[in-house]
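Enquirer: Please find one structure pasted underneath; my questions will follow.
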Amino acid sequence: MGERFQKQNILVVPLTLTRFPAGDAAKGFGRTKAEEKPYVAQAPEGLRGDWEEYIEAEFADAEGQAMDEEAATALRDTGIVIVVKKSGKIVRRGLGVPAWDMIIADLAKED
Numbered sequence: 308m309g310e311r312f313q314k315q316n317i318l319v320v321p322l323t324l325t326r327f328p329a330g331d332a333a334k335g336f337g338r339t340k341a342e343e344k345p346y347v348a349q350a351p352e353g354l355r356g357d358w359e360e361y362i363e364a365e366f367a368d369a370e371g372q373a374m375d376e377e378a379a380t381a382l383r384d385t386g387i388v389i390v391v392k393k394s395g396k397i398v399r400r401g402l403g404v405p406a407w408d409m410i411i412a413d414l415a416k417e418d
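Going by our numbering, the residue at position 101 of the sequence shown is 408; the numbering climbs one at a time, nothing skipped.
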């Protein structure tokens, strides 16, 4: 998969919200040392607050659509994926583990 990221000029930026410990929230990034790959970057410290605010709003929207309070609480454990093109356009957002093939296809589409 990493070769496809590099070939299509995709950069992955995992972000763990400061209000949650990094443990399980890393969802695969800590287990395989993926953070050291050339297609993985850290969110710039100066922008972390802006991204956290945006992601909190996305979680709030998802929680508002949940079937019940238990489902709403569980959403934060699943994680969120925000896919942004170089132009800044958000092309996909979703909960859970990223569907990399779909993300790569979405990013390959012309605007």
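We treat Cβ as the ideally placed atom computed from N, Cα and C, and that holds for glycine.
Measuring CB to CB, does Gly386 end up less than 9 Å from Ala379?
Expert: Position 79 of the sequence shown holds residue 386. Position 72 of the sequence shown holds residue 379. No, the Cβ-Cβ distance between Gly386 and Ala379 is not below 9 Å.
Enquirer: Mind reading off the beta-carbon distance from Tyr346 to Ile389? Whole number of angstroms is fine, and I expect it under 8 Å.
Expert: By one-based count along the sequence shown, residue 346 stands at place 39. By one-based count along the sequence shown, residue 389 stands at place 82. About 17 Å; that fails the 8 Å criterion.
Enquirer: DSSP beta-bridge partners for Val388?
Expert: As a first step, residue 388 is located in the sequence shown; it is residue number 81 there, counting from the start. Beta-bridge pairing links Val388 to Gly401.
Enquirer: Beta carbon of Val319, beta carbon of Phe312: below 9 Å?
Expert: Here the question's residue 319 lines up with position 12 in the sequence shown. Here the question's residue 312 lines up with position 5 in the sequence shown. A contact, by the Cβ cut-off of 9 Å.
Enquirer: With a CB to CB cut of under 7 Å and the five nearest residues on each side skipped, what residues in its chain are close to Gln315?
Expert: Numbered from 1 along the sequence shown, position 8 holds the residue referred to as residue 315. Cβ within range, chain order: Ile411, Leu414 and Ala415.
Enquirer: Cβ atoms of Arg399 and Met409: under 9 Å apart, would you say?
Expert: Counting from 1 along the sequence shown, the entry for residue 409 is found at position 102. Counting from 1 along the sequence shown, the entry for residue 399 is found at position 92. Against a cut-off of 9 Å, the Cβ pair of Arg399 and Met409 comes out as a contact.
Enquirer: Quick check: the Cα distance between Glu343 and Asp384, rounded to an integer number of angstroms?
Expert: Along the sequence shown, read from residue 1 onward, the residue named residue 343 stands at position 36. Along the sequence shown, read from residue 1 onward, the residue named residue 384 stands at position 77. The alpha-carbon atoms of Glu343 and Asp384 are separated by roughly 24 Å.
Enquirer: Based on the DSSP output, what are the partners of Val320 in its beta bridges?
Expert: Translated into positions along the sequence shown, residue 320 becomes position 13. DSSP lists no partner for Val320.
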